[in-house]
Amino acid sequence: MEKKTTQLLAVAVVAIVVIAAVAIIFWPDGDGEEKTLYWTPVPPKDQQANFVSGAIDAGVSWEPYCSDSILAGDAHVLKWSGDIWPNHPCCVLAVKTSYLSSNPDLVARMTRAHIEADLWVVDALAHPDGANYTLLMQIGATFSGRSTDVVAAASEHIGFSYGLSSEVIDYLEEFTQMFIDLNQTSLGSYASVEDFVSNLLDTSVIDEAMAVQPSETILGTVNLGFLAGDLHQFARVVAMNSTAGGGETFYEKFGLNVIAVNPAGYVNGPAVMDAFAAGVIDVGYLGAPPAILKKLNVGTDIKVVALANTEGSAILAVDGIGSFNDLNNKTVATPGPGSIQHLLFLVYAKEQGFTVKLKGT
């Protein structure tokens, strides 16, 4: 009897082990379960209100919208873009190709003013106790309609750089390939991604700009477009400020009469590209993705001649979301598929093992 009982127990133990093994295979534990995120398009200017209302659990945005929500206590940072893509390019300085061909000297002067203003911004940020830092914060507050506290916080997470380095080129090629993989564009007549990015950029303009000398007279007029309230384009704001320029703007210093065609700024990068296509602007500041997509999809013929900034975006979340994994089955807002922020979100979500779906599908 005792032997039979022992045999039954042994069989039972084996059965339990087998069942447990099957359960592991077919019913994985929490770490093996499918994790899903739902994204919805919300402009950065509206994301803070959506945090407050509870319409979204997280959002991907750029400065100063990130610092708006953080300093107000409506959201906190889960991940800065620089932690995901170190030194990634964001906004660029672009020129209509026909304008560049017919006005190479004016474009070189425009680029030189951009470079000088960029260097001024970098130096001011490096000396927070200096007068130029105080002026920079005031300029930024006036342009963006924010407090100097928000401008200061935002500036800590934006890199200001003008060079089109090999790292920048690699990123632009990566962005282009991602858009192709997402079926948002195709290469058309371009032989490769590398061929397209080479055509998108004109890396010679920076060298030509550095040979430009200041001018005592105005040599020409440039019609300029830029984004509303975007601190990524701080160099442009500074370049148009006569106090920062020592009595004249950086543009005037290099012989330019620069006209802000839309003084309030364009709502987004595609609108800047539309202004190029309509012949309204000669030079513009915008994000790299709309420049890529509009050039490929619509044929808007522009050249990127300098970088405006790196990094400066973040994934934010409301209280109760302590980590990215807490977003399982939650709603995340992005500016939309044609933005760096959306690409950033997709890349990081995939790295964290999430499936991303459009909300409502």
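For our numbering, add 65 to where a residue sits in the sequence shown, where the first one is 1.
Note that CB positions come from ideal geometry on N, CA and C, so glycine has one too.
Look at the alpha carbon of residue i and the alpha carbon of residue j, and state the distance between them as a whole number of angstroms.
i    : j    : result
L184 : H141 : 31 angstroms
T213 : A293 : 17 angstroms
K415 : G285 : 49 angstroms
T314 : A325 : 13 angstroms
A353 : E259 : 15 angstroms
V186 : A300 : 7 angstroms
Y331 : Q298 : 13 angstroms
S230 : I271 : 11 angstroms
L143 : A218 : 16 angstroms
T207 : F319 : 24 angstroms
Q112 : A398 : 7 angstroms
L423 : S378 : 21 angstroms
L165 : D267 : 10 angstroms
Y198 : G425 : 46 angstroms
N393 : Q417 : 11 angstroms
F389 : K100 : 11 angstroms
I223 : N374 : 7 angstroms
Y236 : H153 : 7 angstroms
N264 : E238 : 12 angstroms
V369 : V302 : 19 angstroms
V421 : M202 : 38 angstroms
S134 : A120 : 15 angstroms
A340 : T365 : 10 angstroms
L247 : K360 : 17 angstroms
S269 : L351 : 20 angstroms
V157 : D384 : 34 angstroms
S280 : A178 : 12 angstroms
A304 : I245 : 36 angstroms
A182 : I367 : 22 angstroms
N115 : G290 : 29 angstroms
Y413 : H407 : 10 angstroms
W104 : E98  : 19 angstroms
G401 : T250 : 15 angstroms
G312 : A274 : 22 angstroms
A159 : N333 : 14 angstroms
I180 : G124 : 32 angstroms
I386 : W145 : 16 angstroms
From the DSSP output, in three-state form, read off residue i for me.
i    : result
F319 : coil
K368 : strand
L358 : helix
H407 : helix
A141 : The question names Ala, but residue 141 in the sequence shown is His. H141: strand per DSSP, three-state reduction.
T399 : strand
Q417 : coil
V412 : helix
I271 : helix
P106 : strand
V125 : strand
V383 : coil
L423 : strand
L265 : helix
P93  : Since pLDDT at P93 reaches only 36, below the 50 mark, its modelled position is unreliable, and no value is offered.
T101 : strand
T250 : coil
S388 : coil
Y350 : strand
Can you round the beta-carbon distance between residue i and residue j to whole angstroms, since I take them to be within the 8 angstroms contact cut?
i    : j    : result
L321 : L200 : The Cβ separation is near 22 angstroms, so there is no contact.
P355 : P328 : Wrong, their Cβ atoms sit about 21 angstroms apart, outside the cutoff.
P448 : S126 : Because the chain here runs from 66 to 426, residue 448 falls outside it and cannot be looked at.
L252 : F261 : 6 angstroms
Using only alpha-carbon positions, find the residue among the options that is nearest to residue i.
i    : options                   : result
S226 : V125, E376, P193 and P354 : E376
M243 : V215, A137, L358 and A218 : L358
G205 : F240, G195, V216 and Y198 : V216
D391 : G364, F419 and I245       : F419
L428 : E99, W150 and C155        : Outside the displayed span of the chain (66 to 426) sits residue 428, for which this structure offers no information.
I149 : S251, I380, L158 and L289 : I380
A371 : A123, Q113, T176 and K422 : T176
G195 : T365, G344, Q417 and A309 : A309
V363 : M338, Y350 and L158       : M338
G278 : G385, A173 and K161       : A quick correction: the sequence has Gln, not Gly, at residue 278. Here the closest residue by C-alpha is A173.
E128 : V412, G147 and H179       : G147
V117 : S167, A382 and S404       : A382
T282 : S134, S307, Y316 and D246 : Y316
K161 : E273, I346, A137 and I121 : I346
V107 : S404, P151 and D139       : S404
V233 : P151, A304, S167 and A342 : P151
S220 : V287, A274, T396 and Y130 : Y130
V323 : V348, V287 and N306       : V287
S163 : T396, L411 and A343       : A343
A137 : S257, N333 and R211       : R211
| request: Entirely within the stretch 152-187 and at least 3 residues each: give me those beta strand (DSSP E) ranges in chain order. | output: Complete beta strand (DSSP E) runs here, min 3: 156-161.
| said: Extract the residue ranges of the alpha helix (DSSP H) inside the stretch 197-233, only unbroken runs of 4 or more that lie entirely within it. | reply: Along the stretch 197-233, the alpha helix (DSSP H) occurs as fully enclosed runs of 4 or more residues at 213-220, listed in sequence order.
| request: Mind listing, in chain order, the continuous alpha helix (DSSP H) runs of no fewer than 4 residues lying wholly within the stretch 279-346? | output: For the stretch 279-346, whole alpha helix (DSSP H) runs of length 4 or above, ordered along the chain, are 299-304, 315-318 and 334-342.
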